[in-house]
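Quick note: the sequence shown, position 76, residue 76 per UniProt numbering, numbers continuous.
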Amino acid sequence: MKLEKVPLSALDGVGIKMSERLEKLGLFSVADLLFHLPLHYQDRASIYPIGELKDGMQVSVQGRIISCNVQMGKRRILKCQIGDETGRVTLNFFHFNASQKNTLKEGMLIKCFGEFKRGYQGIEVTHPEYTLIQQREQSQAQEMLTPIYPMTEGLKQNSLRKLAVQAIEMLKQNSIDELLPTQLLSHPISLQDALFYLHQPPPDANIEQLENKTHPAQQRLIIEELIAQQLSMLSMRATAQSQPSIIIENEPALQEKLLENLGFMPTNAQTRVAQEIQQDLQQAYPMMRLVQGDVGSGKTLVAALAALSVIESGYQVALMAPTELLAEQHYINFQKWFEPLGIRVGMLSGKMKVKEKRSQTENIQLGLSKMVVGTHALFSDNVIFNNLALIIVDEQHRFGVHQRLALREKGLSTGFAPHQLTMTATPIPRTLAMTAYADLKVSVIDELPPGRTAVQTVALADTRREDIIKRVYQSCKNEGRQVYWVCTLIEESEALECQAAEDTANDLQLSLTDLRIGLVHGRMKGNEKQYVMDAFKAGELDLLVATTVIEVGVDVPNASLMIIENPERLGLSQLHQLRGRVGRGSVASHCVLLYKNPLSLTAKKRLQILRESNDGFYISEQDLLIRGPGEVLGTKQTGVAQFKIADLLRDQALVPYSLQLAQTIVAEQAHLIPALTTRWLGENQQYAHA
Ligand code: ADP
Ligand code: MG
């Protein structure tokens with residue numbers, strides 16, 4: 001019997017409801033359950049001395065019941081005191097029944113496990129898991145470590161554990177395919193033994209090794225999972241490259257005109273990256289290139305140059321941004337650059353009125369808009385491009401593999417796959433890129449335009465607010481500088497954020513009566529926002545109070561001070577991006593991170609990183625260490641960095657090796673690929689064949 005084919009409903013205790021819950025975890029077959037590996041292990045077997053319990057410990061204790069009473073009050077509580085030779089502890093039960101109370105008799109020996117807390121009357125534990133120990137059981141063999149599985153709502157640890165026990169029993173009767181032949185991977189532990197070990201580790205297992213995922217049984221599975229991931233990426237890349245794309249010859253007339261009008265020279269790095277792109281565009285298979293460049297390195301110009309050569313060849317270009325605001329900024333910028341060259345720029349966003357959207361989609365379909373900017377609304381079904389040949393995605397890290405593939409479909413109406421250019425300010429460490437972005441080639445803009453100065457960053461508690469306000473005044477009045485004051489997101493609500501910005505602007509105006517203060521936030525209309533931004537740019541405003549809308553595309557060299565309120569709410573890369581709005585002129589610039597106490601340890605660490613570095617690469621690496629790859633890559637929802645056991649950061653040493661094995665499999669054992677990718681990527685592996 002193949003366990004991949006045995007549905008979970010074959011196990012005791014799995015009805016319709018339970019099946020649904022398990023499906024939410026991506027578990028359909030008994031084999032799926034076997035690969036649903038414990039995240040942690042608890043040592044419940046060892047007995048901890050009661051007298052040495054400390055607040056927050058999760059351990060087992062054993063003792064005699066000293067008393068057991070129902071305490072009346074607002075809520076009935078069953079309080080049971082137990083003790084061993086070292087001390088006493090209270091067990092609290094808010095939910096209990098009569099029979100439970102009756103079984104907890106004075107003098108009985110009880111073993112319980114739970115999280116112990118310091119309460120009013122010493123150490124207590126609420127709703128511990130417990131067993132009463134009969135005399136004859138005392139000398140029982142030691143139990144194994146208790147596995148703790150990844151969970152979903154409505155599913156109890158205990159139920160999952162019971163199912164895993166049944167699955168392991170089935171594994172003893174049946175086998176599971178060894179998909180990595182020994183001539184490929186010689187490993188001391190077989191797949192089968194690794195699964196036995198990890199679901200039911202023996203009592204003498206090294207818990208620390210298991211927790212660190214360094215046990216050979218875990219390493220065996222991690223390698224297989226990394227290989228599966230690599231295979232899926234490799235096949236995705238092969239599929240992508242097997243499609244024909246439009247060959248774009250290098251026709252520089254429009255590019256030259258843009259450069260003439262620009263008022264500055266591209267940096268060497270910009271020129272080099274533009275050439276790399278140009279070479280890709282001349283191929284008969286689609287470009288898949290990632291451009292990395294720190295905040296302010298001028299990625300937009302590079303994108304514009306690529307767009308112009310495609311437009312000059314007679315095709316359309318789409319540029320997608322992750323937010324409405326970024327899309328608007330790009331729209332304004334591209335209009336400024338392209339309309340003088342006689343190129344119509346279109347715009348699509350989810351927020352647009354129906355009528356406006358319709359006329360925009362018409363222009364796109366007719367091919368009148370050659371350059372189209374927008375949010376993901378660009379890729380909804382009712383948008384049909386006339387002859388799309390290049391898709392540019394800004395701020396790549398917020399898009400996953402699936403979205404990249406969905407984009408490709410858009411151009412296929414012409415029978416050709418569009419070229420893809422993705423741009424990010426969040427550089428990705430190499431080993432991570434090898435897996436997560438294995439389908440992309442990478443260019444780096446490693447140079448900033450001339451005349452930028454490093455920003456000095458300080459972190460201050462908001463008890464120093466008055467001092468900061470004085471400093472703002474000085475900067476504007478005595479030094480003739482301009483200042484940004486940024487209000488950050490409150491509980492994910494744009495409305496509240498805008499409100500906070502309005503209140504802050506009003507408050508600041510009250511204490512800084514002779515400063516000219518402006519306000520921009522995401523709820524203002526596009527032209528209102530632009531009006532205020534223009535006034536700030538023209539020096540008609542001293543202080544600009546803003547929400548994070550100014551994260552991108554704002555360029556005022558005379559602004560040399562930025563205050564960011566509650567910086568602890570933002571991601572490091574976002575803070576770095578915000579801070580990039582100052583330091584664009586020749587004077588020394590400053591950024592004040594005005595935080596609220598108390599700060600968590602992590603928050604402190606993160607602010608410290610911003611204070612010590614202006615290097616986007618370093619910052620994102622540190623961010624990765626603190627937050628983990630899922631969040632940094634923005635792929636939590638999109639599936640790519642979702643692993644059952646591997647972790648791209650922790651296991652990065654294994655990545656090059658697994659890539660090498662994956663390549664061997666592609667070359668010599670391609671028949672293994674479907675089973676391997678299905679085992680580890682399940683439903684997600686669709687993208688391998690998209
Ligand atoms: P990012 O890489 O962060 O997207 P942008 O493309 O928004 O950066 O560019 C930041 C600013 O620098 C813009 O105002 C842009 O016009 C300007 N800029 C870009 N390239 C150069 C250059 N070579 N010389 C001077 N300024 C430049
Ligand atoms: Mg940008």
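Just so you know, even glycine gets a beta-carbon here, dropped at the ideal spot from N, CA and C. Here the structure is a predicted model, which is why all the values come from computation and not from measurement.
- A residue is called buried once 16 or more other Cβ atoms fall within 10 Å of its Cβ, and Q255 is buried on that count.
- With a threshold of 6 Å, the Cβ atom of D534 does not count as near the ligand ADP, since no heavy atom of the ligand is closer than that.
- When C-alpha distances from A284 are compared across S242, N102 and G263, the shortest belongs to S242.
- Between C476 and L544, the beta carbon gap of about 11 Å keeps them out of contact (Cβ cut-off 8 Å).
- Assignment of M108 by DSSP, reduced to helix, strand and coil, places it in the coil class.
- G682 sits in a helix when the DSSP states are folded into three classes.
- Where C80 is concerned, the enclosing beta strand (DSSP E) starts and stops at I77 to G83.
- Excluding its 5 nearest sequence neighbours in each direction, S67 has C-beta neighbours in its own chain below 6 Å: Q81, listed in chain order.
- For F93, DSSP records a beta bridge to L78.
- Where Q420 is concerned, there is no enclosing alpha helix (DSSP H), although the beta strand (DSSP E) around it starts and stops at H419 to T424.
- Leaving aside the five residues that flank N363 on each side, the residues in its chain whose CB is nearer than 8 Å to its CB run, in chain order, R344, G346 and S369.
- With respect to the 7 Å criterion, L198 and A217 are classified as neighbours on the basis of their beta carbons.
- The beta-carbon separation of V89 and F116, rounded to 7 Å, stays under the 8 Å limit for a contact.
- A straight line joining the alpha-carbon of L27 with that of I207 spans about 26 Å.
- DSSP places F264 in the coil class of the three-state scheme, outside both helix and strand.
- Going by DSSP, R237 is part of the alpha helix (DSSP H) stretching over P216 to S242.
- With fewer than 16 other CB atoms across the displayed protein chains lying within 10 angstroms of its CB, D193 is exposed.
- For F35, DSSP assigns no beta-bridge partner whatsoever.
- Here DSSP, grouped into helix, strand and coil, assigns R344 to coil.
- By the neighbour-count definition (other C-beta atoms within 10 Å, threshold 16), V483 is a buried residue.
- Between N558 and G585, the CB-CB gap stays under 7 Å.
- Sequence-distant Cβ neighbours of I168 in its own chain, meaning closer than 7 Å and more than five residues away, are F196, H199 and Q200.
- DSSP, read as helix, strand or coil, puts F385 in coil.
- Judged by the Cβ position, K357 fails to qualify as a neighbour of the ligand MG at the 6 Å threshold, every heavy atom of the ligand being at least this far.
- Secondary structure at A205: coil, using DSSP grouped into helix, strand and coil.
- In this structure A327 is buried. Its beta-carbon is surrounded by 16 or more other beta-carbon atoms within 10 angstroms.
- As computed with DSSP, L460 is found in a beta bridge with L594.
- For I148, the uninterrupted beta strand (DSSP E) segment begins and ends at T146 to I148.
- Leaving aside the five residues that flank P244 on each side, the residues in its chain whose CB is nearer than 8 Å to its CB run, in chain order, A284, Y285, G415, F416 and A417.
- In this model, I47 and L290 are separated by some 55 Å (Cα to Cα).
- Between T426 and G583 the beta-carbon gap is near 19 Å, outside 8 Å, which marks them as no contact.
- In the three-state DSSP reduction, A318 falls in the strand class (E or B).
- In the DSSP assignment, F113 is bridged to S60 and E129.
- Contact between L25 and H36 holds: CB atoms are separated by about 7 Å, below the 8 Å threshold.
- Relative to the ligand ADP, the nearest heavy atom lies less than 6 Å away from the CB of L301.
- In its chain, beyond the 5 residues on either side, Q200, P201, P202 and P203 have a beta carbon closer than 7 Å to the beta carbon of M144.
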